[in-house]
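What follows is a single structure, written as structure tokens, with notes after it.
Number of protein chains: 2
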Amino acid sequence: MAPLRLALIGLSKSGSAWAATAHHPYLLSAPSKYTITGLLNSSLASSQKAVQDFSLPASTAAYGSPDDLGREFDRYDVIVCSVRVDKHYPSLMPVLRAMEGGKGRGKMVHCEWPLGRNLQEAKELLVAAEEAGVRTMISLQGRYEPAVLKVKEIVESGRIGKVLSSDFIGAGGLGGGRENSNMKWITTRDLGGNLFTIFFGHTMDFVLHALGGELESYNSLIDTKRPKVEIFDKSLGEVVETVDTKVPDQILVQGHLTTGAILSFHLRGGASFPSGPKLLWRVYGEKGEIQITGPQAVLNVGAPTTLELHDHATGEIENITVEEPFESLSMYARNIGRMYEALANGDDSKIIDWKEATKHHALIDEIYEREKAGQSQKAKYVSAV
Amino acid sequence: MAPLRLALIGLSKSGSAWAATAHHPYLLSAPSKYTITGLLNSSLASSQKAVQDFSLPASTAAYGSPDDLGREFDRYDVIVCSVRVDKHYPSLMPVLRAMEGGKGRGKMVHCEWPLGRNLQEAKELLVAAEEAGVRTMISLQGRYEPAVLKVKEIVESGRIGKVLSSDFIGAGGLGGGRENSNMKWITTRDLGGNLFTIFFGHTMDFVLHALGGELESYNSLIDTKRPKVEIFDKSLGEVVETVDTKVPDQILVQGHLTTGAILSFHLRGGASFPSGPKLLWRVYGEKGEIQITGPQAVLNVGAPTTLELHDHATGEIENITVEEPFESLSMYARNIGRMYEALANGDDSKIIDWKEATKHHALIDEIYEREKAGQSQKAKYVSAV
Numbered sequence: 000m001a002p003l004r005l006a007l008i009g010l011s012k013s014g015s016a017w018a019a020t021a022h023h024p025y026l027l028s029a030p031s032k033y034t035i036t037g038l039l040n041s042s043l044a045s046s047q048k049a050v051q052d053f054s055l056p057a058s059t060a061a062y063g064s065p066d067d068l069g070r071e072f073d074r075y076d077v078i079v080c081s082v083r084v085d086k087h088y089p090s091l092m093p094v095l096r097a098m099e100g101g102k103g104r105g106k107m108v109h110c111e112w113p114l115g116r117n118l119q120e121a122k123e124l125l126v127a128a129e130e131a132g133v134r135t136m137i138s139l140q141g142r143y144e145p146a147v148l149k150v151k152e153i154v155e156s157g158r159i160g161k162v163l164s165s166d167f168i169g170a171g172g173l174g175g176g177r178e179n180s181n182m183k184w185i186t187t188r189d190l191g192g193n194l195f196t197i198f199f200g201h202t203m204d205f206v207l208h209a210l211g212g213e214l215e216s217y218n219s220l221i222d223t224k225r226p227k228v229e230i231f232d233k234s235l236g237e238v239v240e241t242v243d244t245k246v247p248d249q250i251l252v253q254g255h256l257t258t259g260a261i262l263s264f265h266l267r268g269g270a271s272f273p274s275g276p277k278l279l280w281r282v283y284g285e286k287g288e289i290q291i292t293g294p295q296a297v298l299n300v301g302a303p304t305t306l307e308l309h310d311h312a313t314g315e316i317e318n319i320t321v322e323e324p325f326e327s328l329s330m331y332a333r334n335i336g337r338m339y340e341a342l343a344n345g346d347d348s349k350i351i352d353w354k355e356a357t358k359h360h361a362l363i364d365e366i367y368e369r370e371k372a373g374q375s376q377k378a379k380y381v382s383a384v
Numbered sequence: 000m001a002p003l004r005l006a007l008i009g010l011s012k013s014g015s016a017w018a019a020t021a022h023h024p025y026l027l028s029a030p031s032k033y034t035i036t037g038l039l040n041s042s043l044a045s046s047q048k049a050v051q052d053f054s055l056p057a058s059t060a061a062y063g064s065p066d067d068l069g070r071e072f073d074r075y076d077v078i079v080c081s082v083r084v085d086k087h088y089p090s091l092m093p094v095l096r097a098m099e100g101g102k103g104r105g106k107m108v109h110c111e112w113p114l115g116r117n118l119q120e121a122k123e124l125l126v127a128a129e130e131a132g133v134r135t136m137i138s139l140q141g142r143y144e145p146a147v148l149k150v151k152e153i154v155e156s157g158r159i160g161k162v163l164s165s166d167f168i169g170a171g172g173l174g175g176g177r178e179n180s181n182m183k184w185i186t187t188r189d190l191g192g193n194l195f196t197i198f199f200g201h202t203m204d205f206v207l208h209a210l211g212g213e214l215e216s217y218n219s220l221i222d223t224k225r226p227k228v229e230i231f232d233k234s235l236g237e238v239v240e241t242v243d244t245k246v247p248d249q250i251l252v253q254g255h256l257t258t259g260a261i262l263s264f265h266l267r268g269g270a271s272f273p274s275g276p277k278l279l280w281r282v283y284g285e286k287g288e289i290q291i292t293g294p295q296a297v298l299n300v301g302a303p304t305t306l307e308l309h310d311h312a313t314g315e316i317e318n319i320t321v322e323e324p325f326e327s328l329s330m331y332a333r334n335i336g337r338m339y340e341a342l343a344n345g346d347d348s349k350i351i352d353w354k355e356a357t358k359h360h361a362l363i364d365e366i367y368e369r370e371k372a373g374q375s376q377k378a379k380y381v382s383a384v
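Line by line, the protein sequences give chains B and E. For the first sequence, numbering that gives the first Met the number 0 assigns the number 0 to the initial residue and increments by one for each residue that follows. For the second sequence, numbering that gives the first Met the number 0 assigns the number 0 to the initial residue and increments by one for each residue that follows.
This is the structure:
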């Protein structure tokens with residue numbers, strides 16, 4: 000089979016270089032079923048520079064704007080958007096509009112999570128994709144993480160019985176009161192990329208995926224406990240300014256899933272406790288319990304995670320081995336690589352589409368709306384005595 | 000100073016033998032400033048038997064009923080009630096009524112937590128104590144636990160800065176779907192002694208004490224995920240019956256304290272994860288974080304707990320030493336012993352009175368009322384797409 004022709008939006012060695020870190024390694028690796036034949040960066044010069052920087056063939060098309068890419072959409076089987084979240088909508092919309100009227104049928108448009116800055120943008124992108132007739136994918140790649148899949152497999156096997164409750168505790172790194180200057184943008188809530196949208200979005204996605212349900216009823220609590228953020232310039236080695244932020248650095252959810260299980264979830268900003276567990280995720284069932292511990296909460300980007308299973312009947316703990324078939328790739332590139340494999344192999348059940356992405360935006364939106372309406376009930380017990 | 004004359008309600012070698020385990024060791028130890036001069040058990044014969052079983056002087060008064068003890072209240076400086084929770088009210092009320100009109104002034108009445116089965120009983124006991132003129136004490140002895148005091152000391156010192164959030168995760172042992180037959184009573188919600196009233200009451204008390212605030216606003220979630228409980232007869236080595244229960248085996252609270260800190264609290268029934276942390280309690284501040292781990296959540300009964308402090312500025316972890324001045328006593332007796340010491344030494348600021356106990360009953364009552372009214376908000380995000 001001829002490799003799938005792929006246009007990549009956002010391949011660069013500057014900025015967060017996420018595409019270079021997480022997408023490029025698989026796409027250039029031996030098992031890749033793709034060939035990068037088009038690039039779109041913020042300018043024509045930047046696109047041309049990337050062709051050189053990443054040693055792509057001179058035949059690679061370099062575009063200067065989303066409209067330019069849109070005009071040549073038919074040269075591609077797959078279009079991938081991996082730019083900063085606030086650029087998702089302006090980068091993708093012209094391309095999707097160029098395919099309006101079902102002209103994109105048979106093509107795949109793949110976007111990094113979050114799908115745009117907010118629910119509104121996600122909905123518009125979803126509609127535009129439907130009108131273009133394209134299939135869609137979202138990088139909620141935690142669902143491809145072997146540790147997550149192993150938890151899901153154990154839960155589905157019935158080995159720990161019906162799941163009664165699950166705790167998830169982690170810290171995000173971001174949101175600790177100081178950010179590097181190249182990440183200053185995450186302090187602006189409306190920009191749509193931060194601990195809540197990105198980290199909560201990813202973690203809640205794979206937690207729900209593994210547990211096999213949606214939130215049925217819940218209470219949430221978001222708060223910004225560090226409203227002042229120091230912006231640190233690495234090259235100068237000093238704090239260059241202090242900015243205000245309204246981005247949540249504390250995100251709590253407790254409630255019931257549609258499966259009946261209780262979920263207690265707390266993701267906060269700032270440093271993890273070094274001696275750990277940095278991630279503590281437990282899945283407590285009628286007959287046993289799974290414990291997942293590791294160096295970070297965001298399993299979507301991969302992590303050397305430890306899985307243990309406690310069998311209530313025997314009292315034994317079993318260390319569960321998690322296979323990593325993609326060891327040749329760097330950690331961040333593995334789950335993204337599995338997404339590309341699933342697409343190339345026609346493994347449609349594994350594809351996570353923009354409806355799923357929009358659903359997660361709807362959850363984030365719901366939590367923001369509840370924040371406005373008042374999240375917690377006033378305690379009255381003290382005055383009752 | 001002459002030792003304080005103490006009447007003990009509930010000293011027995013049968014039943015849970017809590018008084019024998021937790022009260023008696025200190026009272027008989029060298030540093031004790033008390034002498035047990037009266038005993039009240041469920042019958043005169045049982046009281047007399049306890050005098051012999053515990054080798055008390057023959058002069059020890061043995062009572063057959065609370066009224067009998069009430070008639071001789073003036074022979075005692077301290078009256079201690081350490082019986083099963085549903086017997087608190089019927090054991091104490093006649094004694095308090097005998098002292099009505101301020102006749103109990105100068106005396107101390109000490110009750111195990113919970114103060115009666117529910118808020119109503121607690122309020123009545125509180126009023127009766129006020130009418131009797133007695134001082135009151137409640138065994139919320141977690142506030143005497145050295146690890147708890149150390150957390151409080153560090154928080155107050157400002158060493159970790161303002162506390163931003165705290166997580167508390169533990170499992171209670173009870174509420175795991177099987178109870179020994181002598182504990183069958185804990186499966187009856189109205190009886191008032193169970194994972195929620197006893198374990199939650201104690202743990203929330205010392206958590207709030209260490210963090211230095213009350214709940215300002217919160218959402219709670221209680222549920223009975225194991226509504227069938229096997230009753231296991233140890234002597235027969237088998238399950239003798241299965242009973243229904245409405246006692247919560249999942250207790251979750253998330254909210255803000257009056258200090259502004261966020262609290263995420265989850266106590267569940269059943270076995271802890273053996274490789275731990277069985278207790279995980281973190282106190283995350285602006286400048287550092289305390290981590291408390293140990294073999295059990297109920298620090299009120301004592302536990303060989305590990306305290307670590309992460310300094311955000313240096314990245315260092317310090318192991319915090321916790322002194323245990325009462326090593327000569329068995330673990331369960333230490334915090335109770337410290338309560339007795341505080342009373343004998345006139346250390347009034349350490350005395351936890353029945354107002355505090357009633358406040359905790361009001362919190363439990365509030366959570367039960369919220370359960371009736373609907374605890375969580377319905378999720379709508381799935382249908383929003």
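Beta carbons: idealized from backbone N, C-alpha and C, even for Gly.
Item, Value
"is_contact[B:R281, chain E] using C-beta, thresh 8 Å", "yes"
"Closest by C-alpha distance to B:I137, when choosing among B:H201, B:R96 and B:P2", "B:H201"
"8 Å Cβ shell around B:K149 - same chain, five flanking residues per side excluded", "L306, I319 and V321"
"Own chain partners of E:K354 with C-beta closer than 7 Å, once the 5 adjacent residues on each side are dropped", "L125"
"Cβ pair E:G37, E:S81 closer than 8 Å", "no"
"Close Cβ partners of B:A217 (< 8 Å) along its chain, the five nearest in sequence each way excluded", "It should be pointed out that residue 217 of chain B corresponds to Tyr in this sequence rather than to Ala. The residues are V252, Q253, G254, H255 and L262."
"Nearest-angstrom beta carbon gap, B:H359 and B:N117 [assumed within contact, 8 Å]", "Their Cβ separation, rounded to whole angstroms, is 11 Å, which puts B:N117 and B:H359 out of contact at 8 Å."
"B:D189 to B:S90 span [Cα, whole Å]", "18 Å"
"Contiguous beta strand (DSSP E) assignments of at least 3 residues, all confined to the segment 52 to 124 of chain B", "60 to 62, 77 to 80 and 107 to 111"
"Sequence-distant residues of its chain with Cβ nearer than 8 Å to E:L55 (five each side left out)", "I35, L38 and A49"
"Inter-residue Cα distance where the pair is B:G269 and E:E285", "9 Å"
"Length-filtered (3 minimum) beta strand (DSSP E) runs lying within the segment 125 to 186 of chain E", "134 to 138, 162 to 170 and 177 to 179"
"Reduced DSSP category for B:R267 - H, G, I as helix; E, B as strand; rest coil", "strand"
"Start and end residues, alpha helix (DSSP H) containing E:F205", "G200 to L210"
"Span separating the alpha-carbon of B:A343 from that of B:T59", "21 Å"
"Neighbour-count burial assignment, E:E315, 16 or more Cβ in a 10 Å radius", "exposed"
"Residue-level contact to chain E via CB, B:T357, 8 Å cutoff", "yes"
"Within chain E, partners of B:L214 - CB distance below 7 Å", "A378"
"Own chain partners of E:Y339 with C-beta closer than 6 Å, once the 5 adjacent residues on each side are dropped", "Y25"
"In DSSP terms, what E:D243 is bridged to", "E:K227"
"Closest residue to B:M221 among B:L362, B:S13 and B:F53 (Cα-Cα distance)", "Just to set this straight, residue 221 of chain B is Ile in the shown sequence, not Met. Ranking the options by Cα distance to B:I221, first place goes to B:L362."
"Within 7 Å of chain E by C-beta, residues of the segment 162 to 177 of chain B in sequence order", "L163, S164, D166 and I168"
"Nearest-angstrom Cα separation, counted from B:P247 out to B:F198", "11 Å"
"Backbone secondary structure at E:N299 - three-state DSSP", "helix"
"For B:G9, the three-state DSSP class (helix, strand or coil)", "coil"
"Distance between B:F231 and B:R177 (C-alpha atoms, nearest Å)", "7 Å"
"Under 7 Å by beta carbon: chain E residues contacting B:A361", "Y380, A383 and V384"
"beta-carbon B:Q374 near the ligand GDP non-hydrogen atom, thresh 7 Å", "Absent from the structure shown: the ligand GDP. Ligands present: none."
"Burial state of B:M98, where buried means 16 or more other Cβ atoms lie within 10 Å", "buried"
"E:G100 classed as buried or exposed, judged by whether at least 16 other C-beta atoms fall within 10 angstroms", "exposed"
"3-residue-minimum beta strand (DSSP E) runs that sit fully inside the segment 278 to 336 of chain B, ordered along the chain", "278 to 284, 287 to 293, 305 to 310 and 316 to 319"
"Members of the segment 236 to 255 of chain B near chain E, C-beta cut-off 9 Å", "D248, Q249, L251, V252, Q253, G254 and H255"
"Members of the segment 288 to 304 of chain E near chain B, C-beta cut-off 8 Å", "E288 and Q290"
"Amino acids of chain E, ordered along the chain, whose beta-carbon sits closer than 7 Å to that of B:D222", "I261"
"Segment limits, alpha helix (DSSP H) that includes B:D189", "No alpha helix (DSSP H) contains B:D189, which DSSP labels as neither H nor E."
"Nearest-angstrom Cβ-Cβ length linking B:G336 and B:L308, presumed shorter than 8 Å", "Not quite, the Cβ-Cβ distance comes to about 28 Å (not below 8 Å), so this is no contact."
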